[in-house]
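These notes are about the structure you will find just below.
Protein chains: 2
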Amino acid sequence: MEFSLIDRISGFTYQRRDDVLLGIGDDAALLQVPAGQSLVVAVDTMVEGVHFLPGTAPADLGWKALAVNLSDLAAMGAMPAWALLALTLPTGDAAFVDGFAAGFAALARPHRLALVGGDTTGGPLAFSVTVHGFVPPDQALTRDGAREGDLVMVTGSVGEGAGGLACLRKYGVQVQDEGDIGQLVARVRRPRPQLGAGLALRGQATACIDISDGLLADLGHICRRSGVGAELDADRLPLSDALQSVFGAEQACRFGLSGGDDYELCFTVPESRAHAVQGDLARIGCSATPIGRIVRGEGVGVRDAGGQWLDIESAGWDHFAA
Amino acid sequence: MEFSLIDRISGFTYQRRDDVLLGIGDDAALLQVPAGQSLVVAVDTMVEGVHFLPGTAPADLGWKALAVNLSDLAAMGAMPAWALLALTLPTGDAAFVDGFAAGFAALARPHRLALVGGDTTGGPLAFSVTVHGFVPPDQALTRDGAREGDLVMVTGSVGEGAGGLACLRKYGVQVQDEGDIGQLVARVRRPRPQLGAGLALRGQATACIDISDGLLADLGHICRRSGVGAELDADRLPLSDALQSVFGAEQACRFGLSGGDDYELCFTVPESRAHAVQGDLARIGCSATPIGRIVRGEGVGVRDAGGQWLDIESAGWDHFAA
């Protein structure tokens, strides 16, 4: 079924780009990376029952399949360009494919991202997207440049991804996008990769990562790669009113620290630049909150409002057990 | 489990390349396409029970996951460079991962291909590989350049892929790689992408495709994209002695025409260049056999030894029904 389904998807998602010499329809795509740019490539897979609940709307799946990958490009400071889609479907269900393609295209279009290749096959529902973007090689945001004294900042708010998933589990995948709960589930269904923030952070952030596994886990990756530690203040976490209203302040804080699926950027920046960076991000409508500091040593510690260290590995923080 | 498994795989498959600025371990890979080269990208997915039989050795799966993708690069005349692997596994089985990685590396190493990214996740056994290669933009082999009068040629021999699969179904996936049957099943387990042939055909072939769906289906893709037809002579098909000895001449011919999984190249070339092309391929140890000719019109016809047109869509040719 490879040809008809990919043709159907490419009909929805067609995006003319001069750097696509040959798109879908040959053995491979033929592409031209612009002079002076490096290529940034990431792949992510989503499997039914593991990364999304059965019954999730196909359009939301198409959006999210691309969003989680674009979030990796954002974390590198890259400008998106091309994607390839490997779609595995139990049956050749045209309505599913059309919905999936429409959701994918709704996110691809504003970023002028072209679908240049793909593969559809029979099997348990899953999809794997490979995205390509560009960045000047000396401006790529990596995980290894955090230095003692840098501020740790996050874009937007954290914890809504985990809160939204908890709502979907409690109220079912059909729950409406209304009110506080609607705000949380919308975040799970259609996460918005922080591509503009990634571009604004080029040459500014010393390290950057997107929050997919949870703030502590992902900041931990920065610390390990940079050979440093970090200290966070729990009461500085940007937690939305909706999240605190549905789950209470304490659970909201746990979700913010250890929940995944937020797709915000966590980055480090010298204190002298922090104010300017906040200003640059504010101009594109993106908030950024300082939540702690890079320190000598290793690992990530979290202080409560009274200055006490939280025991974030205790049984109460069961997200860490995974 | 993403980090530990991908680290484990990258340990097996590490390949130093100056064009990999940043490999596994950040949000995305950072890569440099050489000046004057276009990027060639393909993705292929394999799902247990659909593309391979349950019980297939992990090392054979690792080899094949890469081989089917390199075959797409070969069909474009591209030189392989980088791959990303999305691996979905029911359990975090280290022995499986090590075997898979060893098979992947055994094929990657001689081609100096670097694994630059990946994703491992829980779920039904499946894997999706994205490969990247280079070709000067004006030398890429495409499907759309076949012209009336061109000869149709194939590398190596056809039909062993389908023959080997039939043997695995009959004798079980544990059957030894010995004798005629062994030759056929080895072809299914460890197909050899014709990368050298693809490079030799740059600037020579007018159209090219790899045989994954079956000779007639894949030559049909060339005809559709080029706006031409093709006429083949069944008795000129290169069929191995092993295939004919196990299945008889008639079934061997059917496998050669309509079986998939051969991963040879089918290409078209002006008659004036055919002899020189055969010589170029012979120098790298690759045979190439003229099997027919491009004609005005559409579709692919096949003549038997007596000059009669075969009814290749009749019930006897059940591979076409799929």
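Taken in order, these protein sequences are the chains called A and B.
Take the first sequence: its letters are residues 546 to 867, numbered as in our numbering.
Take the second sequence: its letters are residues 546 to 867, numbered as in our numbering.
All C-beta atoms in this analysis are idealised placements derived from N, C-alpha and C, irrespective of residue type, glycine included.
Note that this is a predicted model, so its numbers are computed, not measured.
Residue range Glu816 to Arg828 is occupied by the alpha helix (DSSP H) that includes His820/A. Remark: C-beta atoms of Gly709/B and Arg732/B approach each other more closely than 8 Å. Annotation: the region 648–705 of chain A contains the following complete segments of the beta strand (DSSP E) (minimum length 3 residues), in chain order: 659–667, 671–680 and 696–700.
Under the 8 Å criterion on CB atoms, Met621/A is classed as interfacial with respect to chain B. For the 8 Å CB-CB criterion, Ala779/B and Arg735/B do not form a contact. The Cβ of Leu598/A sits no closer than 8 Å to any Cβ of chain B. Assigned with DSSP and collapsed to three states, Leu784/A falls in coil, not helix or strand. Rounded to whole angstroms, the separation of the alpha carbons of Leu810/A and Val822/B is 54 Å.
Interface residue (Cβ-Cβ distance to chain A less than 8 Å): Thr834/B is not classified as such.
Checking the DSSP bridge columns, you'll see Ala628/A partnered with Leu660/A and Val676/A.
The beta carbon of Gly805/A is closer than 7 Å to those of Gly706, Ala707, Ser757, Asp758 and Gly759 in its chain, skipping five residues each way along the sequence. For Asp617/B, the uninterrupted alpha helix (DSSP H) segment begins and ends at Pro603 to Met621. The Cβ of Thr636/A sits no closer than 8 Å to any Cβ of chain B.
For Ser832/B, no beta strand (DSSP E) segment is defined, and its DSSP state is neither H nor E. Counting only Cβ-Cβ distances below 8 Å, Gln577/A has contacts in chain B at Ser583, Leu584 and Pro682, in chain order. Counted as a single uninterrupted DSSP element, the beta strand (DSSP E) harbouring Val847/B occupies residues Gly844 to Arg848. Interface flag for Leu629/A against chain B is set, since a Cβ pair is found closer than 8 Å.
Under the Cβ distance rule, Thr601/B does not count among the residues neighbouring chain A, no pair being separated by less than 8 Å. In chain order, Thr633, Thr666, Gly667, Gly668 and Pro669 make up the part of chain A whose C-beta sits under 8 Å from the C-beta of Val592/B.
By the Cβ neighbour-count rule, Trp854/A is exposed, with fewer than 16 other Cβ atoms within 10 Å of its own. Membership of Ala731/B in the alpha helix (DSSP H) is indicated by the continuous run Gly724 to Arg734. For Asp786/A, the closest alpha carbon among the candidates Pro635/A, Gly851/A, Leu729/A and Ala620/A is that of Leu729/A. The C-beta of Gly663/A comes closer than 8 Å to at least one C-beta of chain B. Cβ-Cβ separation between Ala573/B and Asp617/A: approximately 5 Å, consistent with a contact (criterion under 8 Å). Flagged as an interface residue toward chain A: Gly570/B, by a C-beta distance shorter than 8 Å.
Against Leu618/B, the close residues of chain A are Asp572 and Ala573, in the order they occur along the chain (beta-carbon pairs closer than 9 Å).
If only complete runs of 3 or more residues are kept, the region 760–805 of chain B shows the beta strand (DSSP E) at 774–778, in order along the chain. Taking Gly772/B as reference, the option from Leu788/B, Ala752/B and Val791/B with the minimal CA-CA separation is Ala752/B.
Comparing alpha-carbon positions, the option among Ala620/A, Gly581/A, Arg654/A and Leu566/A lying closest to Gly607/A turns out to be Arg654/A. In terms of Cβ geometry, Gly743/A and Ala647/A do not form a close pair [threshold 8 Å]. Distance from the CA of Val595/A to the CA of Leu576/A, rounded to the nearest whole angstrom, comes to 33 Å.
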